[in-house]
Amino acid sequence: MTETTNSYDMPDERGHFGPYGGLFIAETLIPAVEELDEAYQKYMTDPEFMAELDKDFQHYVGRPSPLYHAERWTRELGGAQIYLKREDLNHTGAHKINNTIGQILLAKRMGKKRIIAETGAGQHGVATATVCARLGLECVVYMGAVDVVRQKLNVYRMQLLGAKVVAVESGSKTLKDALNEAIRDWVTNVDTTFYIIGTAAGPAPYPAMVRDFQSIIGREAKQQCLAQAGKLPDALLACIGGGSNAIGLFYPFIDDADVRMIGVEAAGDGIETGRHSAPLCAGRPGILHGNRTYLMEGDDGEIIETHSISAGLDYPGVGPEHAWLKDIGRAEYVSITDDEAVEGFHALTKMEGIIPALESSHAMAYTLKLAPTMKQDEILIVNLSGRGDKDMHTMAEREGIKI
Amino acid sequence: MSRLASTFAEFKQSGHKALIPFITAGDPSREFTVPMMHAMVEAGADIIELGVPFSDPMADGPVIQRASERALAHKMSLRHTLEVVSEFRSSNQNTPVVLMGYANPIEAMGYENFAQAAENAGVDGVLTVDLPPEEASECATLLKAHNIDQIFLLAPNSNIDRIKKMDALGSGFLYYVSVKGVTGAGHLDTGDVKRKLTDIRANTQLPVGIGFGIKDAETAKVIANLGDAVVVGSALISKIEENLDSPEQAKQEITELLKSMRLAMDSQG
Ligand SMILES: Cc1ncc(COP(=O)(O)O)c(C=O)c1O
């Protein structure tokens with residue numbers, strides 16, 4: 030599934046991206062990740078597996094997703110030509126299904142009958158429950174109790190699909206605690222259970238494996254951009270929770286040195302307030318959830334509570350490959366506050382008739398800043414990672430409207 | 414020889430099985446921990462395992478999770494845990510102390526700084542749940558240079574290769590996690606433990622401690638016949654949790670449980 034990786038060849042054989050990534054997990058899980066790594070290595074080069082994946086991408090997910098030239102928004106901002114990669118049009122409404130479709134095919138080949146997942150916004154939970162329903166597999170989704178409230182529409186969707194949603198009451202009751210609880214389940218049921226991690230983080234081989242499944246985004250975008258505009262883009266923009274939609278877009282362009290790659294973290298109430306979810310912009314390296322990466326932590330190494338209006342970005346860590354791309358200067362990382370994200374949400378909705386997810390709205394908000402600074406013959410591809418239906422409640426409440 | 418190695422060497426001679434209680438440092442209060450450690454030694458503990466509170470204890474069940482939360486609520490940290498060990502050492506130079514926790518607090522302090530500070534405090538062993546041999550060589554080397562043992566966890570599904578890896582990199586003792594699951598989990602099957610111990614013994618000379626799921630004197634006795642040490646944690650911490658309004662009562666119930674375990678482990682037949 031890899032291509033155009035002429036010089037960049039991360040991770041190493043033990044899952045390290047420079048000092049980041051790795052295998053920081055309890056001993057009981059080692060056999061499970063070794064088994065997974067073996068299957069991943071085997072099937073990613075297996076033509077039959079890849080053909081099945083391609084078929085599902087096309088007929089079940091609805092790929093390729095369009096690369097849409099947002100002409101009105103482009104005119105309004107007066108700078109770069111803005112193209113939106115429409116991951117919001119995928120089945121279930123976000124990029125998350127690219128990964129769950131891939132992992133469930135692996136689970137099937139490995140003979141695993143029970144699937145677990147963690148979820149923040151509920152998009153990954155829905156994408157997991159969806160593929161489990163399709164294959165008739167048992168599905169348990171862990172979700173922080175705070176997120177269960179703010180994303181209740183998705184909780185109901187998961188339940189309709191036959192998944193059991195477990196509200197996690199420990200710690201900060203958000204995505205990181207859902208991950209902790211999923212890991213505890215995995216340790217306990219390691220023989221029967223496949224853990225579908227929802228972002229490009231966790232112990233090796235997850236960061237590279239999730240990247241490989243998500244890099245369909247960037248491979249399509251590259252072809253589509255060449256076909257529509259006759260050249261490569263000048264810049265790529267994507268929001269960063271754990272970093273899967275961003276790495277999926279970036280990865281096929283890594284060796285194209287002239288293409289800028291910009292990841293947008295959630296600044297919450299503002300970086301200066303400490304109430305944010307921007308480890309790459311304001312954190313430091315540490316170890317959590319199986320990998321070394323940038324984290325939001327206190328002086329004594331305790332993980333601190335994060336904040337973002339979007340549940341999907343409300344996470345104190347980030348995928349290890351982004352940590353590496355930051356350190357080597359290949360990608361840039363910026364942040365957008367809650368208020369700015371809401372502005373981005375309205376901007377895209379009004380200008381193009383597309384309601385973005387609050388996560389994706391962070392990338393939209395940065396588009397408002399970046400596009401006008403670019404030339405009119407330059408191309409900016411923005412990843413529209415998901416649609417905003419799930420956020421109607423949060424937005425209405427914020428604006429004092431009862432629905 | 415490290416304090417752990419000489420302790421186990423002595424026990425091997427005499428046929429004594431080690432009793433290792435686990436409590437979380439600073440739970441329910443910082444003042445509670447050092448007197449509790451001394452009381453546990455008096456009740457028959459041979460080695461003390463001290464949990465370092467962490468915000469995201471992924472390998473722990475609800476009981477130890479809540480212990481961590483109670484300790485963190487009053488800002489207990491790795492630094493403070495080392496201070497607790499120092500204080501304990503000022504009146505006990507014999508009983509080995511092992512820290513058990515997660516990698517990030519150590520990473521935040523820096524491995525070299527940590528190794529130095531832990532040696533100064535009188536720590537004898539360090540067990541880091543999320544630092545398997547794959548990632549542990551830097552830490553193990555630094556600890557060894559400071560005369561501290563790196564203790565590895567073995568699981569029911571660890572194969573022979575892994576036992577050998579831990580034998581090579583670890584020292585002090587190996588800790589066999591007797592169930593697949595988090596701390597305080599379900600039922601341990603002594604038949605399974607017995608079979609696994611045969612594999613482990615065939616591949617290491619290191620003493621083997623067994624823990625996870627040991628709740629009463631009876632189980633402690635059975636397990637003592639299989640391994641070199643018995644680790645008990647959640648069952649003790651439950652006593653703290655049941656007596657949050659009376660730490661003295663908690664202390665008394667913990668020492669009573671330990672005494673009953675000691676008695677059962679030492680009785681013949
Ligand atoms: C629409 C959408 N975009 C982005 C994210 C953030 O995840 P990642 O950074 O892995 O793409 C989420 C997570 O739930 C999401 O639902």
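From first to last, the protein sequence lines are chains A and B. In terms of the working numbering, the first sequence is residues 30 to 432. In terms of the working numbering, the second sequence is residues 414 to 682. Where a beta carbon is used, it is the ideal one built from N, C-alpha and C, also for glycine.
Selected residue, minimal CA-CA separation from residue i, among the options
i	options	result
residue 107 of chain A	A:167, A:331, A:416 and A:402	A:402
residue 202 of chain A	B:414, B:469 and B:428	B:469
residue 381 of chain A	A:361, A:393, A:102 and A:158	A:102
residue 673 of chain B	B:447, B:456 and B:414	B:456
residue 613 of chain B	B:599, B:626 and B:590	B:590
residue 629 of chain B	B:486, B:567, B:564 and B:676	B:676
residue 339 of chain A	A:193, A:128 and A:293	A:293
residue 588 of chain B	B:452, B:462 and B:426	B:462
residue 640 of chain B	B:604, B:654, B:670 and B:510	B:604
residue 72 of chain A	A:287, A:136, A:179 and A:253	A:136
Cβ neighbour criterion (16 or more within 10 Å) applied to residue i
i	result
residue 188 of chain A	exposed
residue 113 of chain A	buried
residue 255 of chain A	exposed
residue 504 of chain B	exposed
residue 110 of chain A	buried
residue 558 of chain B	exposed
residue 171 of chain A	buried
residue 125 of chain A	buried
residue 414 of chain B	exposed
residue 84 of chain A	exposed
residue 153 of chain A	buried
residue 43 of chain A	exposed
residue 274 of chain A	buried
residue 70 of chain A	exposed
residue 362 of chain A	buried
Cα-Cα separation between residue i and residue j, rounded to whole angstroms
i	j	result
residue 80 of chain A	residue 95 of chain A	21 Å
residue 516 of chain B	residue 316 of chain A	6 Å
residue 246 of chain A	residue 116 of chain A	8 Å
residue 473 of chain B	residue 213 of chain A	8 Å
residue 664 of chain B	residue 420 of chain B	26 Å
residue 423 of chain A	residue 353 of chain A	34 Å
residue 625 of chain B	residue 556 of chain B	25 Å
residue 471 of chain B	residue 601 of chain B	20 Å
residue 685 of chain B	residue 631 of chain B	Because chain B in this structure spans residues 414 to 682, residue 685 of chain B falls outside the shown range and cannot be described.
residue 573 of chain B	residue 409 of chain A	53 Å
residue 185 of chain A	residue 642 of chain B	49 Å
residue 659 of chain B	residue 608 of chain B	42 Å
Any chain A beta carbon closer than 7 Å to residue i
i	result
residue 641 of chain B	no
residue 498 of chain B	no
residue 453 of chain B	no
residue 616 of chain B	no
residue 525 of chain B	no
residue 490 of chain B	yes
residue 415 of chain B	no
residue 593 of chain B	yes
residue 570 of chain B	yes
residue 602 of chain B	no
Supposed close pair residue i, residue j - CB separation, criterion 8 Å
i	j	result
residue 271 of chain A	residue 344 of chain A	6 Å
residue 207 of chain A	residue 149 of chain A	7 Å
residue 233 of chain A	residue 368 of chain A	38 Å between Cβ atoms; not a contact.
residue 230 of chain A	residue 157 of chain A	So it is not a contact: roughly 16 Å between Cβ atoms.
residue 521 of chain B	residue 330 of chain A	3 Å
residue 385 of chain A	residue 397 of chain A	Contact flag wrong, Cβ pair sits at about 13 Å.
Short CB-CB distance (under 7 Å) between residue i and chain B
i	result
residue 30 of chain A	Per-residue confidence for residue 30 of chain A stands at a pLDDT of 44, beneath the threshold of 50, marking its modelled position as unreliable; the derived number appears in the next sentence. Not one chain B Cβ lies under 7 Å of residue 30 of chain A.
residue 199 of chain A	yes
residue 332 of chain A	yes
residue 329 of chain A	yes
residue 143 of chain A	no
residue 226 of chain A	no
residue 213 of chain A	yes
residue 419 of chain A	no
residue 270 of chain A	no
residue 422 of chain A	no
residue 320 of chain A	no
residue 216 of chain A	yes
residue 219 of chain A	yes
- [ ] Could you please tell me which residues of the segment 32-60 of chain A, in chain order, have their CB closer than 8 Å to any CB of chain D?
- [x] This model lacks chain D altogether, as its protein chains are A and B.
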